[in-house]
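Novice: Line order of the protein sequences matches chains A and B. Counted from 1, the first sequence has number 194 at position 194 by UniProt numbering; the numbering is strictly sequential. Counted from 1, the second sequence has number 68 at position 68 by UniProt numbering; the numbering is strictly sequential.
Protein chains: 2
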Amino acid sequence: MSTTDLPEPPPAPRGRERRQRVQAAETGLAVLKGLGRLGGRASLSMLAAHVGESPAKVHRYLASLVEEGFVTQAAGSQQYLLGAESIALGLAAMRQAEPIRAAEASLGRLREALSLTCFVAVMGNKGATIVRFEEPWLPISVNARVGSVLPLLWSATGRVLLAWQRDDARLRAMAEQELAEAPTELRAQLDAADPIGRLAESVLAAGCAVVKDTNLRGISAVSAPVFDHAGRVCAALTVLGPTGGFDASVRGTAAKALREEARAVSAAMGFASTGLNRAGGMPTTPTP
Amino acid sequence: MSTTDLPEPPPAPRGRERRQRVQAAETGLAVLKGLGRLGGRASLSMLAAHVGESPAKVHRYLASLVEEGFVTQAAGSQQYLLGAESIALGLAAMRQAEPIRAAEASLGRLREALSLTCFVAVMGNKGATIVRFEEPWLPISVNARVGSVLPLLWSATGRVLLAWQRDDARLRAMAEQELAEAPTELRAQLDAADPIGRLAESVLAAGCAVVKDTNLRGISAVSAPVFDHAGRVCAALTVLGPTGGFDASVRGTAAKALREEARAVSAAMGFASTGLNRAGGMPTTPTP
Numbered sequence: 001m002s003t004t005d006l007p008e009p010p011p012a013p014r015g016r017e018r019r020q021r022v023q024a025a026e027t028g029l030a031v032l033k034g035l036g037r038l039g040g041r042a043s044l045s046m047l048a049a050h051v052g053e054s055p056a057k058v059h060r061y062l063a064s065l066v067e068e069g070f071v072t073q074a075a076g077s078q079q080y081l082l083g084a085e086s087i088a089l090g091l092a093a094m095r096q097a098e099p100i101r102a103a104e105a106s107l108g109r110l111r112e113a114l115s116l117t118c119f120v121a122v123m124g125n126k127g128a129t130i131v132r133f134e135e136p137w138l139p140i141s142v143n144a145r146v147g148s149v150l151p152l153l154w155s156a157t158g159r160v161l162l163a164w165q166r167d168d169a170r171l172r173a174m175a176e177q178e179l180a181e182a183p184t185e186l187r188a189q190l191d192a193a194d195p196i197g198r199l200a201e202s203v204l205a206a207g208c209a210v211v212k213d214t215n216l217r218g219i220s221a222v223s224a225p226v227f228d229h230a231g232r233v234c235a236a237l238t239v240l241g242p243t244g245g246f247d248a249s250v251r252g253t254a255a256k257a258l259r260e261e262a263r264a265v266s267a268a269m270g271f272a273s274t275g276l277n278r279a280g281g282m283p284t285t286p287t288p
Numbered sequence: 001m002s003t004t005d006l007p008e009p010p011p012a013p014r015g016r017e018r019r020q021r022v023q024a025a026e027t028g029l030a031v032l033k034g035l036g037r038l039g040g041r042a043s044l045s046m047l048a049a050h051v052g053e054s055p056a057k058v059h060r061y062l063a064s065l066v067e068e069g070f071v072t073q074a075a076g077s078q079q080y081l082l083g084a085e086s087i088a089l090g091l092a093a094m095r096q097a098e099p100i101r102a103a104e105a106s107l108g109r110l111r112e113a114l115s116l117t118c119f120v121a122v123m124g125n126k127g128a129t130i131v132r133f134e135e136p137w138l139p140i141s142v143n144a145r146v147g148s149v150l151p152l153l154w155s156a157t158g159r160v161l162l163a164w165q166r167d168d169a170r171l172r173a174m175a176e177q178e179l180a181e182a183p184t185e186l187r188a189q190l191d192a193a194d195p196i197g198r199l200a201e202s203v204l205a206a207g208c209a210v211v212k213d214t215n216l217r218g219i220s221a222v223s224a225p226v227f228d229h230a231g232r233v234c235a236a237l238t239v240l241g242p243t244g245g246f247d248a249s250v251r252g253t254a255a256k257a258l259r260e261e262a263r264a265v266s267a268a269m270g271f272a273s274t275g276l277n278r279a280g281g282m283p284t285t286p287t288p
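1. Determine the burial state of residue 120(B): buried for a count of at least 16 other Cβ atoms within 10 Å of its Cβ, exposed for fewer.
2. With a CB to CB cut of under 7 angstroms and the five nearest residues on each side skipped, what residues in its chain are close to residue 126(A)?
3. Would residue 46(A) pass as an interface residue toward chain B - the criterion being a Cβ-Cβ separation below 8 angstroms?
4. Out of curiosity, what's the CA-to-CA distance linking residue 247(A) and residue 156(A)?
5. Can you find a C-beta in chain A that's less than 8 angstroms from the C-beta of residue 29(B)?
6. Spatial neighbours of residue 5(B) within its chain, please: C-beta separation below 6 angstroms, excluding the five flanking residues on both sides.
7. Classify residue 140(A) as helix, strand or coil using the three-state DSSP reduction.
8. Check whether the Cβ atoms of residue 22(A) and residue 28(B) sit closer than 8 angstroms, and answer yes or no.
9. Which chain A residues are close to residue 78(B), counting only those with a beta carbon under 8 angstroms from its beta carbon?
10. Does the contact criterion of 3 or more C-beta pairs under 8 angstroms hold for the stretch 175 to 195 of chain A versus the stretch 219 to 231 of chain A?
11. On a CA-only basis, which of 231(B), 30(B), 174(B), 71(B) is nearest residue 86(B)? Give me that one, please.
12. Which residue marks the beginning of the beta strand (DSSP E) containing residue 41(A), and which one marks its end?
13. Quick check on residue 20(A) - is its C-beta less than 8 angstroms from some C-beta in chain B?
14. Distance check for residue 124(B) and residue 45(A), CA to CA, integer angstroms please.
15. Residue 207(A) and residue 242(A) look like a contact to me (Cβ under 8 angstroms); what is the Cβ gap, rounded to whole Å?
16. What residue from 184(B), 43(B), 98(B), 112(B) has the CA that sits closest to residue 138(B)'s CA?
17. When the cut-off is 8 angstroms and only beta carbons count, does residue 60(B) lie next to chain A?
18. Listing by chain order, which chain B residues have their CB less than 8 angstroms from the CB of residue 95(A)?
19. Name the DSSP bridge partner or partners of residue 220(B)?
20. Tell whether a beta-carbon distance below 8 angstroms holds between residue 77(B) and residue 264(B).
21. Using the Cα positions of residue 222(A) and residue 40(B), report the straight-line distance between them to the nearest angstrom.
22. Residues of the stretch 86 to 116 of chain A in Cβ contact with chain B at a cutoff of 7 angstroms, in chain order, please.
23. For residue 115(B), which residues in the same chain have their Cβ closer than 6 angstroms to its Cβ, ignoring the five residues on either side in sequence?
24. Under 7 angstroms between beta-carbons, which chain B residues line up against residue 267(A)? List them in chain order, please.
25. Please list, in chain order, all residues of the same chain as residue 261(B) whose beta carbon is under 7 angstroms from its beta carbon, the five residues on each side excluded.
26. Give the interface partners of residue 70(A) over in chain B, defined as CB-CB distance under 9 angstroms, in chain order.
27. List, in chain order, every chain A residue whose beta-carbon is nearer than 7 angstroms to that of residue 36(B).
28. Is any beta-carbon of chain B found at less than 8 angstroms from that of residue 24(A)?
29. Given that a residue counts as buried once 16 or more other Cβ atoms are within 10 Å of its Cβ, and exposed if not, what is residue 36(A)?
30. Which residues does DSSP pair with residue 207(A) in a beta bridge?
31. Would you say residue 64(B) reaches chain A, if we count a Cβ-Cβ gap shorter than 8 angstroms as a contact?
32. Helix or strand or just coil, what does DSSP make of residue 55(A)?
33. List, in chain order, every chain B residue whose beta-carbon is nearer than 7 angstroms to that of residue 229(A).
34. Let me know the secondary structure DSSP gives residue 38(B) once reduced to three states.
35. For the structure I just gave you, are there three or more beta carbon pairs, one from the stretch 187 to 201 of chain A and one from the stretch 159 to 169 of chain A, closer than 8 angstroms?
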């Protein structure tokens, strides 16, 4: 409404956005979402109560959802169920979900907020592999870039990917080999009796991993896990910078921001944290 | 609108049905479905072309889909992607999908069309177990009911569940044991060199299994597989009747109707047959 000559305001004002949308489509989607929240099946009255609309109105939207195959009505009952199109939609969404893209906005925010190098890594066939890398305005000189493979035991990234997949035989074997090949001073940092098991436990307990100078001299790093819809760790989100140049502790600002962004990326990957303790951000006791 | 005093007409006339639905909701769902069909990500112009609407119109619906979390827009690109709500919806739909309910209407249709006993069976911990049973108007007296466990090798139902899970060690062991305990005349019906492997191959090739008098004296049965969203066999749909009383061949009327209904139940379970040859109805060559 204003005629003042302003540069394009990002984001668009709320009112304008709303006018460009379609109210009836949103109500239909809210009914669909509500049926999902109720476990995928519900009676008309339960569903109407859940979405806060009249049964008559919800019934009309359900007729459209049935027509499009997203919902079916159970034969001889008053129950509405999510249908085949809902499954097909979910499968298509899962297939295209991937952590690099889901982490894009988070990487940018972390870089701006912390002025540290930020990256996303996944388990490749050679180990924990950097797949996306963002440098701050004043780059930190490190020997790491997209494609770099990081150790499982001596990098924060590797520790995250290892800890949540500690029962994976391949990862375990890779970690055992790293341990056998490690210089004495690194091995001395781990538990003598159960070095890998205890390391994994401490990472799970903290909800993130922290290293100082173990992988790159003079560099500290913090890493947090990204989970997919099945609750599996699918990536690690990591920040690194000069040791002493930032608080690289599990309760520091960087770790806190990182865990928060990793949770946002997990949510975008379809991960629902409710009830999944093993993937929780900060459990008070180590996961058994 | 009519004032004529008629009993409630089932089903409702098409026109009335349409008026009770919500056009804008259906357009929104069509856009959502279209994005799924395009692999879960597409540009506005691709999507508009796919659903046959103008880009301006599709853009408004996308704004609503984004608002409700079903779709996200990739940062710095013109691509729209299926979002976290689409994954959550699919997961809820998959969790509640179950073959007994999905097969309900099919069982009724089969019973009416064929006048045979129809049932759904799944693999329980004791073997192939009947979980839903429908009798025709003139019941056939058979020693089988809900809860009955059928042999893997000598019932059509068991053969279907075995054939599509022939690499499952537990099922293989159960079948081996049945073979060891079988009387000579039953063993003689199977291949001497590879009895279980060849039996499975023939069932896969036909897309269904047929038995005559092997499990129940005087009874023939035909069974077809139900697949879930992951392409796994999750149930068998079976019809049975007196031997000689119906065409119990793999190309007979009963087998044809059964395969068709099993395909419908699979679709309701989220199974998409495209490209999944191993789960195809009637491949011309046995699956390797």
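Using N, Cα and C, we set each Cβ at its ideal position, and we do this for glycine too.
Specialist: The answer reads as follows:
1. buried
2. 149
3. no
4. 14 angstroms
5. yes
6. Low confidence applies to residue 5(B): its pLDDT is 44, below 50, so where it sits in the model is not reliable enough to give any reading.
7. coil
8. yes
9. Residues of chain A passing the Cβ test: none, with the nearest at roughly 14 angstroms.
10. no
11. 71(B)
12. 41 to 43
13. yes
14. 35 angstroms
15. Incorrect: roughly 24 angstroms between the Cβ atoms, too far for contact.
16. 112(B)
17. yes
18. 39, 40
19. 212(B), 241(B)
20. no
21. 33 angstroms
22. 86, 87, 88, 89, 90, 91, 92, 93, 94, 95, 96, 97, 101, 104, 105
23. 136
24. 84
25. 106, 109, 110, 237
26. 29, 32, 33, 89, 93
27. 88, 89, 92
28. yes
29. buried
30. Answer is none; residue 207(A) lacks a bridge partner.
31. yes
32. helix
33. 87, 91
34. coil
35. yes
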